[in-house]
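Sequences listed follow chains A and B, in order. If you want my numbering, it's the 1-based position in the first sequence plus 16. If you want my numbering, it's the 1-based position in the second sequence plus 16. All residues carry an ideal CB built from backbone N, CA and C; glycine is no exception. Worksheet for the structure shown next.
Protein chains: 2
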Amino acid sequence: MCLNFYIYTNTDNMQTSTTEDYLKAIFKLSGIYKKGVSTNSIAEELSTKASSVSDMVKKLSEKKLVDYVKYQGTTLTKEGENIALKVIRKHRLWEVFLVEKLKFGWDEIHEIAEQLEHIKSPKLIDKLDAHLGFPKKDPHGDPIPDKNGLFPTIKKLKLNELKIGEKAILTGVSEDSKDFLSYLDTIGLKLGSSIEVLDYFKFDKSLKVKINNRSDLTFSDLVANNLNISKEN
Amino acid sequence: MCLNFYIYTNTDNMQTSTTEDYLKAIFKLSGIYKKGVSTNSIAEELSTKASSVSDMVKKLSEKKLVDYVKYQGTTLTKEGENIALKVIRKHRLWEVFLVEKLKFGWDEIHEIAEQLEHIKSPKLIDKLDAHLGFPKKDPHGDPIPDKNGLFPTIKKLKLNELKIGEKAILTGVSEDSKDFLSYLDTIGLKLGSSIEVLDYFKFDKSLKVKINNRSDLTFSDLVANNLNISKEN
DNA sequence: AAAAATTTTTAGACAACACTAAAAAATTTG
DNA sequence: CAAATTTTTTAGTGTTGTCTAAAAATTTTT
Ligand SMILES: [Mn+2]
Ligand SMILES: [Mn+2]
Ligand SMILES: [Mn+2]
Ligand SMILES: [Mn+2]
Chain A
17 MCLNFYIYTN
27 TDNMQTSTTE
37 DYLKAIFKLS
47 GIYKKGVSTN
57 SIAEELSTKA
67 SSVSDMVKKL
77 SEKKLVDYVK
87 YQGTTLTKEG
97 ENIALKVIRK
107 HRLWEVFLVE
117 KLKFGWDEIH
127 EIAEQLEHIK
137 SPKLIDKLDA
147 HLGFPKKDPH
157 GDPIPDKNGL
167 FPTIKKLKLN
177 ELKIGEKAIL
187 TGVSEDSKDF
197 LSYLDTIGLK
207 LGSSIEVLDY
217 FKFDKSLKVK
227 INNRSDLTFS
237 DLVANNLNIS
247 KEN
Chain B
17 MCLNFYIYTN
27 TDNMQTSTTE
37 DYLKAIFKLS
47 GIYKKGVSTN
57 SIAEELSTKA
67 SSVSDMVKKL
77 SEKKLVDYVK
87 YQGTTLTKEG
97 ENIALKVIRK
107 HRLWEVFLVE
117 KLKFGWDEIH
127 EIAEQLEHIK
137 SPKLIDKLDA
147 HLGFPKKDPH
157 GDPIPDKNGL
167 FPTIKKLKLN
177 ELKIGEKAIL
187 TGVSEDSKDF
197 LSYLDTIGLK
207 LGSSIEVLDY
217 FKFDKSLKVK
227 INNRSDLTFS
237 DLVANNLNIS
247 KEN
């Protein structure tokens, strides 16, 4: 009887799309700040207010999805991380679908995937995965977690870490906004493009680069910081 | 100034998935009862309580999506009907996707489509439509409204309207539940199957039928009433 | 280490939706 | 047509998630 009570406690652990978005945001921010994630940073990531976040992390903590101590930030529990990884898997697989099958541009898919990632079905995602041929990366170069939430941790090298004269291949982007991605489209930069650093200006940290051995142009540090690369040779 | 006010009034007419489901339910029920749709019937269709429906139709009426007079039932306005038809278009296109592309059975798709139909994106559905080759019917034989909400009104003939000796082709089903559809699967009945009425039992209105010129079996009136057919010859 | 600035939490409201119980209206029945 | 039954609405609550304003804690500055 007492055992029963224990077992069935917390069994109704189905998430709303809101709680899924919170867990995803905390997961993303955990990769950046290694300590507990700050209330303000979650609020900014989700375009909401700190007071709303404060309320929510308290509730997530009751559900044992996060560890939260007042004034000391939030970290995911194993359970919370599992849920976040499942949502990220769904988000990235749907993004592949939108680009590969429906022919959307990589700059148009984020908002749609933000909705599709919350569709609940035990079978749907694995069927989608198979339909897409078990892709390993999404259209932005991000790795897709497998059924068990595992994916290779690729050390991300940013374009602004290169020295003058070095060459690299674009392997991913750290920013999914339409503004950023359609700018890359207009300059002809896509995953796999080659980038050579021609010059570096100390004043504003901007870079003069040559892309695809053709056009010369200048990247601000902010742009360069959102371009993930792997060094050539 | 006054004009401005008028124009921008009611401009924020974005629906929640709840209101979309209400509008869809009212549309479906309007086809059956030609008068105003009763509060109780909406409640039953949506598995909710009459008091909740009473609240909601009042709100939908304020948004000019339904006409509602206390104690006299609810009907869709033109605007409400347009929204309902868009949701139905999305539901049926996603069902085609799930069966044709992801290889789901027709008995597994209803609940998933019930979620997918609420995804908001101006471009998504037309791209999906193109990807699927502009299908005209969903996996249950229901017509798919076009971009403008138009679809042919097919007069539905039900199996229990046939006389002994008549033959027909299964063109659709009026019931989407897994229980019903997987029963049809086990007896090998699918869209396009031929059905011949061998006998009719007055007592319970059940029918003895031969399907695909092979097996003989008996259908209750309830089953026969959910099988849509077109007469052969 | 006190003052100032920033971050975080609490308090109090609100909107959307759902529910139960009870009241009111409409319909069916005898 | 009055009584009984059914349908519908209202009243009062609860839950989830959001917000603003104000209080409290923490961190930074001087
Ligand atoms: Mn989302
Ligand atoms: Mn992505
Ligand atoms: Mn739905
Ligand atoms: Mn259908």
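Minimum C-alpha distance to residue i - residue among the options
i: B/Val112; options: B/Gly52, B/Val189, B/Asp154, B/Phe235; result: B/Asp154
i: A/Trp122; options: A/Leu39, A/Lys171, A/Phe196, A/Asp237; result: A/Phe196
i: B/His156; options: B/Asn176, B/His147, B/Lys136, B/Leu200; result: B/Leu200
i: B/Leu205; options: B/Ile48, B/Val82, B/Lys218, B/Phe235; result: B/Phe235
i: B/Lys94; options: B/Tyr216, B/Ser77, B/Tyr87, B/Thr202; result: B/Ser77
i: A/Lys221; options: A/Asn98, A/Gln31, A/Ser137, A/Asp237; result: A/Asp237
i: B/Lys51; options: B/Tyr87, B/Ser67, B/Ser63, B/Ser68; result: B/Tyr87
i: A/Lys218; options: A/Asn176, A/Lys106, A/Gly47, A/Lys65; result: A/Asn176
i: A/Tyr216; options: A/Arg230, A/Leu178, A/Val189; result: A/Leu178
i: B/Glu130; options: B/Phe120, B/Phe150, B/Ile104; result: B/Ile104
i: A/Lys139; options: B/Phe120, B/Ala146, B/Pro138, B/Asn56; result: B/Phe120
i: A/Glu97; options: A/Asn56, A/Ser46, A/Asp158; result: A/Ser46
i: B/Thr32; options: B/Lys79, B/Ile227, B/Asn229; result: B/Lys79
Distance cut-off 6 Å: residue i Cβ against heavy atoms of ligand 3
i: B/Asp37; result: yes
i: B/Glu130; result: yes
Nearest-angstrom Cα separation, counted from residue j out to residue i
i: B/Ile180; j: A/Gly165; result: 58 Å
i: B/Leu92; j: B/Lys44; result: 11 Å
i: A/Asp232; j: A/Ser70; result: 47 Å
i: A/Glu127; j: B/Lys102; result: 20 Å
i: A/Ala184; j: A/Val225; result: 11 Å
i: B/Tyr84; j: B/Asn29; result: 18 Å
i: B/Thr25; j: B/Ile42; result: Low confidence applies here, because B/Thr25 scores a pLDDT of 39, under 50, leaving its location unreliable and the question unanswered by this model.
i: B/Ile211; j: B/Ile125; result: 25 Å
i: B/Leu114; j: B/Thr34; result: 23 Å
i: B/Gly208; j: B/Ile141; result: 27 Å
i: A/Ser90; j: A/Glu133; result: The displayed chain sequence assigns Thr, not Ser, to residue 90 of chain A. Computed Cα separation, rounded: 23 Å.
i: B/Ile170; j: A/Trp110; result: 35 Å
i: B/Leu223; j: B/Glu60; result: 29 Å
i: B/Ser54; j: A/Glu36; result: 37 Å
i: B/Glu182; j: B/Lys247; result: 8 Å
i: A/Asp194; j: A/Val73; result: Reading off the sequence, residue 194 of chain A comes out as Lys, not Asp. Going from the Cα of A/Lys194 to the Cα of A/Val73 covers about 30 Å.
i: B/Thr187; j: B/Leu62; result: 26 Å
i: B/Lys106; j: A/Arg108; result: 22 Å
i: A/Ala100; j: A/Ser68; result: 20 Å
i: B/Lys65; j: B/Lys75; result: 16 Å
i: B/Leu214; j: B/Thr202; result: 21 Å
i: B/Asn56; j: B/Ile48; result: 14 Å
i: B/Ala146; j: B/Phe167; result: 17 Å
Distance cut-off 6 Å: residue i Cβ against heavy atoms of ligand 2
i: A/Glu111; result: yes
Rounded distance between the beta-carbons of residue j and residue i, thought under 8 Å
i: B/Glu191; j: B/Asn242; result: 4 Å
i: A/Leu118; j: B/Leu39; result: Not confirmed; about 26 Å, so no contact.
i: B/Lys172; j: B/Ile160; result: B/Lys172 to B/Ile160, Cβ: 16 Å. No contact.
i: B/Glu116; j: B/Leu148; result: 6 Å
i: A/Lys174; j: A/Ala240; result: 7 Å
For residue i, the three-state DSSP class (helix, strand or coil)
i: A/Lys183; result: strand
i: B/Lys194; result: helix
i: A/Thr202; result: helix
i: A/Gly223; result: Looking at the sequence provided, one finds Leu at residue 223 of chain A rather than Gly. Strand at A/Leu223.
i: A/Asn242; result: coil
i: A/Asp123; result: coil
i: B/Ser137; result: coil
i: A/Leu207; result: coil
i: A/Val69; result: helix
i: A/Leu114; result: helix
i: A/Lys172; result: coil
i: A/Gly96; result: helix
i: B/Glu248; result: coil
i: B/Tyr87; result: coil
i: B/Lys218; result: coil
i: A/Ser3; result: As displayed, chain A neither begins before 17 nor continues past 249, which places residue 3 of chain A out of reach and without an answer.
i: A/Leu101; result: helix
i: B/Leu132; result: helix
i: B/Lys153; result: strand
i: A/Leu233; result: strand
beta-carbon residue i near ligand 1 non-hydrogen atom, thresh 6 Å
i: A/Glu133; result: yes
Residue i beta carbon near ligand 4 (any heavy atom closer than 6 Å)
i: B/His156; result: yes
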